[in-house]
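> One structure coming up, written as structure tokens, with questions to follow.
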Amino acid sequence: MTATEDRSRDRGGATICLLAVGLLFVAAGLFGAGVGAARVARQQARVAADFGALAGAARALQDESVACDRAREIVAANSARLVWCRLDGLDVLVTAEVTVDPLPGLNRVATVTARAGPLRG
Numbered sequence: 000m001t002a003t004e005d006r007s008r009d010r011g012g013a014t015i016c017l018l019a020v021g022l023l024f025v026a027a028g029l030f031g032a033g034v035g036a037a038r039v040a041r042q043q044a045r046v047a048a049d050f051g052a053l054a055g056a057a058r059a060l061q062d063e064s065v066a067c068d069r070a071r072e073i074v075a076a077n078s079a080r081l082v083w084c085r086l087d088g089l090d091v092l093v094t095a096e097v098t099v100d101p102l103p104g105l106n107r108v109a110t111v112t113a114r115a116g117p118l119r120g
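Position 110 of the sequence shown, counted from 1, bears residue number 109 in numbering that gives the first Met the number 0, the numbering being contiguous throughout.
Set out below in structure tokens:
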């Protein structure tokens with residue numbers, strides 16, 4: 000058998016395997032990026048809700064509309080959207096959401112509720 004006869008029997012099996020392994024790495028990378036984006040959005044919504052509730056609690060003695068307007072400003076400043084705001088005694092409850100596109104064509108919404116008010120005890 001000559002060298003040219005050995006090469007003619009090569010059917011490209013290694014190339015197919017290498018492409019399959021590469022595709023698995025790309026899929027794992029996309030999945031990891033999607034999970035990371037969702038976690039960042041959740042944290043961003045949590046921070047926005049916490050800060051919004053704290054800002055609203057500082058205005059809780061004035062009125063619910065004043066407290067919720069201030070919470071809305073702070074939530075928006077943290078790149079989130081105020082979904083719900085309510086005054087419960089001197090506590091302010093704020094729900095904020097952040098929309099994220101972890102993968103092309105896939106929309107997810109991270110929603111978090113926070114409460115802030117005076118210290119009890």
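All C-beta atoms, glycine included, are put in the ideal place defined by N, C-alpha and C.
Excluding the five sequence neighbours on either side, which residues of its own chain have a C-beta within less than 7 Å of the C-beta of D49, listed in chain order?
Closer than 7 Å at Cβ, skipping near neighbours: A113.
> Could you give the distance in angstroms between the alpha-carbon of A44 and the alpha-carbon of R107?
Taking the straight line joining both Cα atoms gives about 12 Å.
> Which residue comes first and which comes last in the alpha helix (DSSP H) that contains L18?
First-last of the alpha helix (DSSP H) with L18: 12-57.
> Could you check which residue in A70, R38, V65 has the C-alpha nearest to that of L53?
Ranking the options by Cα distance to L53, first place goes to A70.
> Could you tell me the alpha carbon to alpha carbon distance between L18 and G35, rounded to whole angstroms?
The alpha-carbon atoms of L18 and G35 are separated by roughly 26 Å.
> Measuring alpha carbon to alpha carbon, tell me which of P117, F24, R38, G104 ends up nearest E96.
The shortest Cα separation from E96 among P117, F24, R38, G104 belongs to R38.
> Could you give the first and the last residue of the continuous beta strand (DSSP E) run that contains R80?
Start and end: 80-87.
> Taking C-beta to C-beta, are N77 and V46 nearer than 8 Å?
In contact: N77 and V46 (Cβ atoms closer than 8 Å).
> For a test of the three-state rule: what should DSSP assign to R71, helix, strand or coil?
Here R71 sits in helix by DSSP.
> Suppose the cutoff is 8 Å on Cβ atoms and the five residues either side in sequence are ignored; what does the same chain contact list for W83 look like?
Cβ neighbours of W83 beyond the five flanking positions: L92, V93, T94, T112.
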